[in-house]
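Residue numbers (this note's numbering): 337 to 463.
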């Protein structure tokens with residue numbers, strides 16, 4: 337959306353992408369910059385729905401968030417987008433990469449409990 341808004345100059349689209357970004361960073365973002373509170377459907381939850389144990393915080397969502405903040409910075413030139421990019425890159429994204437540099441974690445919960453398994457909630461991923 338940010339790219340289309342930049343290319344077309346569509347002010348309504350620009351207002352929408354700004355509103356979505358503001359909602360995400362103010363109400364749907366974990367302290368690590370991780371996003372996606374709900375494993376079922378791999379999605380955002382409601383405003384302030386940020387559970388620790390079942391936080392999905394997908395690594396791929398962090399990658400997308402980094403790219404989105406880059407686009408928003410290019411669109412607006414405001415450093416708040418680079419600040420968010422760095423927060424996500426150094427906390428929400430890097431935590432998903434294994435120490436060997438070749439493996440990754442699909443989800444990045446904020447609190448680990450043996451009773452919660454993301455493979456159980458997403459059977460197609462069970463190993």
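We treat Cβ as the ideally placed atom computed from N, Cα and C, and that holds for glycine.
Residue nearest to residue i in terms of C-alpha spacing, selected from the options
{"i": "residue 445", "options": "368, 422, 345, 377", "result": "368"}
{"i": "residue 426", "options": "408, 395, 450", "result": "395"}
{"i": "residue 362", "options": "439, 420, 432, 431", "result": "420"}
{"i": "residue 370", "options": "450, 438, 432, 439", "result": "432"}
As assigned by DSSP and simplified to three states, the class of residue i
{"i": "residue 374", "result": "strand"}
{"i": "residue 402", "result": "helix"}
{"i": "residue 433", "result": "strand"}
{"i": "residue 409", "result": "helix"}
{"i": "residue 390", "result": "coil"}
Beta-carbon contacts of residue i that lie in its chain and below 7 Å, excluding the five residues immediately before and after
{"i": "residue 448", "result": "none"}
Residues sharing a beta bridge with residue i, DSSP
{"i": "residue 365", "result": "371"}
{"i": "residue 440", "result": "433"}
Close Cβ partners of residue i (< 6 Å) along its chain, the five nearest in sequence each way excluded
{"i": "residue 418", "result": "409"}
Distance CB(residue i)-CB(residue j) smaller than 9 Å
{"i": "residue 398", "j": "residue 424", "result": "yes"}
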